[in-house]
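Reading through the structure tokens given below for one structure.
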Amino acid sequence: MAPTGVPSQWWWLRPSLASNADLYPNRVPRDGSHVTHPFASPPVDTDDDHALAAWLATVAGQRLLEVRAQGLEGKALKDEGDRTSHELLMELLERHRPADAVLSEEGQDDPGRLTASRVWIIDPLDGTREFSEPPRDDWAVHVALWAAGELSAGAVAQPGLDATFSTADPPQVPPSEALRPRLAVSRTRPPAFMQELADEMGADLVPMGSAGAKVISVVRDISDAYVHAGGQYEWDSAAPVAVARATGLHTSRADGAPLVYNRPDPLLPDLLVCRPELATAITDFVRRYDATSA
Numbered sequence: 002m003a004p005t006g007v008p009s010q011w012w013w014l015r016p017s018l019a020s021n022a023d024l025y026p027n028r029v030p031r032d033g034s035h036v037t038h039p040f041a042s043p044p045v046d047t048d049d050d051h052a053l054a055a056w057l058a059t060v061a062g063q064r065l066l067e068v069r070a071q072g073l074e075g076k077a078l079k080d081e082g083d084r085t086s087h088e089l090l091m092e093l094l095e096r097h098r099p100a101d102a103v104l105s106e107e108g109q110d111d112p113g114r115l116t117a118s119r120v121w122i123i124d125p126l127d128g129t130r131e132f133s134e135p136p137r138d139d140w141a142v143h144v145a146l147w148a149a150g151e152l153s154a155g156a157v158a159q160p161g162l163d164a165t166f167s168t169a170d171p172p173q174v175p176p177s178e179a180l181r182p183r184l185a186v187s188r189t190r191p192p193a194f195m196q197e198l199a200d201e202m203g204a205d206l207v208p209m210g211s212a213g214a215k216v217i218s219v220v221r222d223i224s225d226a227y228v229h230a231g232g233q234y235e236w237d238s239a240a241p242v243a244v245a246r247a248t249g250l251h252t253s254r255a256d257g258a259p260l261v262y263n264r265p266d267p268l269l270p271d272l273l274v275c276r277p278e279l280a281t282a283i284t285d286f287v288r289r290y291d292a293t294s295a
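In structure tokens form, the structure reads like this:
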């Protein structure tokens, strides 16, 4: 039997998948009642960057469930979610990592991060559109740490699944049982070449929201690859990529070039996360497509 708080269909990920009940003992019911202070006594070793990232993503996700239960709709719900999660994460990082720099989608970019040895790259609410469309669960909270030139820790919380995926104890990606490759793709802004790529690979497209949810869909064996082109920023991919790398998945730019974080311009417009055996076919296609489209 799956432990309390862990969706039974993801029991195979345990203990790598952290139940929000484990990291958020004063958790709030989904109806938003019984609101308690979520970080009075963190139940993790906050000196451990991996554990801290997982806890931060989890408590921010739980706070977002509270916001979602307030009855707001549309833009008001989106704005309140972005603001509330950002402010909580900034407060907690100031408390537990006061010397570290932060790059947040919702914050002002501080150029001091470029000379910092440690930078937290966060997306307080990834998949804002899906967050504002209850009961959709394809939205996430991203918390990643960049240190000494590399992503060193990361966590992606999916509160709608009651789950946090992190580098603290990376999940094992199960063998794919699909008869055809499955390509996760943006449900609103798919790359122009995706149908052509799917046809060449004999693959099926799986539309969903949230970059984090799409990357984690590969970890969960919901898809076999996530290919994106056309616009993202470092906070969209840093935490999901950290988790994906820890599981052994391939991560790169869509054409196979390396992903580089904490750059002066945080634009990082394309991404590939996939099972390693699919990487060559996808990157070769993207390079050919880019060459013919130039």
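Each number in this note's numbering corresponds to the 1-based position in the sequence shown with 1 added. Glycine residues also receive a C-beta, built at the ideal position from the N, C-alpha and C atoms.
Return the CA-CA distance between residue i and residue j, expressed in angstroms with no decimal places.
i, j, result
"Glu131", "Gln109", "24 Å"
"Glu92", "Arg98", "10 Å"
"Ala52", "Thr168", "8 Å"
"Pro192", "Leu272", "11 Å"
"Ala204", "Asp291", "20 Å"
"Asp127", "Arg181", "28 Å"
"Gly232", "Pro270", "4 Å"
"Leu198", "Leu184", "9 Å"
"Pro277", "Pro112", "35 Å"
"Ala145", "Met202", "32 Å"
"Thr165", "Ala156", "7 Å"
"Ser211", "Arg64", "18 Å"
"Arg188", "Val287", "20 Å"
"Gly257", "Thr284", "5 Å"
"His251", "Ala239", "14 Å"
"Leu115", "Arg190", "30 Å"
"His143", "Gln173", "20 Å"
"Ala230", "Ala255", "7 Å"
"Arg119", "Asp50", "11 Å"
"Arg264", "Ala117", "12 Å"
"Ala55", "Thr293", "42 Å"
"Arg96", "Thr85", "17 Å"
"Asp48", "Ala154", "13 Å"
"Asp200", "Trp140", "28 Å"
"Gly72", "Leu57", "25 Å"
"Tyr70", "Val103", "The sequence given here has Ala at residue 70, not Tyr. Cα to Cα, Ala70 sits roughly 29 Å from Val103."
"Ala19", "Leu94", "Caution applies to Ala19, whose pLDDT of 48 falls short of 50 and renders its modelled position unreliable; the model cannot decide the point."
"Glu74", "Gln196", "33 Å"
Buried or exposed for residue i, please, with buried defined as at least 16 other CB atoms from any protein chain shown within 10 angstroms of its CB.
i, result
"Thr59", "buried"
"Pro160", "buried"
"Glu235", "buried"
"Ala247", "buried"
"Leu279", "buried"
"Ala100", "exposed"
"Leu89", "buried"
"Gly249", "exposed"
"Asp266", "exposed"
"Pro44", "exposed"
"Gly150", "exposed"
"Pro176", "exposed"
"Gly213", "buried"
Skipping 5 residues on each side, what residues in its chain have a beta carbon closer than 6 Å to that of residue i?
i, result
"Val216", "Tyr227, Pro241, Ala245 and Val274"
"Gly62", "Val142, Ala158 and Pro160"
"Gly221", "The amino acid at residue 221 is misidentified as Gly; the sequence shows Arg. Once the five neighbours on either side are set aside, Arg221 has no close Cβ partner at all."
Excluding the 5 residues flanking residue i on each side, which residues of the same chain have their C-beta closer than 7 Å to its C-beta?
i, result
"Phe194", "Tyr290"
"Asp83", "Glu107, Pro125, Leu126 and Thr129"
"Tyr262", "Ile122, Trp147, Leu152, Glu235 and Ala239"
"His87", "Ser105, Glu107, Gly108 and Pro125"
"Ala282", "Met202"
"Asp46", "Ala52"
For residue i, which residues from the same chain have a beta carbon less than 8 Å from its beta carbon, with the 5 sequence-adjacent residues on both sides left out?
i, result
"Ser218", "Ala185, Val207, Met209, Ser224 and Tyr227"
"Leu260", "Ser238, Val242, Thr252, Ser253, Arg254, Leu269 and Leu272"
"Glu178", "Asp222"
Sequence ranges, beta strand (DSSP E) only - wholly within the stretch 195–253, length at least 3
205–209, 226–229 and 251–253
Check whether the stretch 71–79 touches the stretch 121–139, taking contact to mean three or more Cβ pairs, one atom from each stretch, closer than 8 Å.
yes
Fully enclosed by the stretch 44–116, which alpha helix (DSSP H) runs are 4 residues long or longer?
50–69 and 75–97
Continuous beta strand (DSSP E) assignments of at least 3 residues falling wholly in the stretch 125–160
141–148 and 151–159
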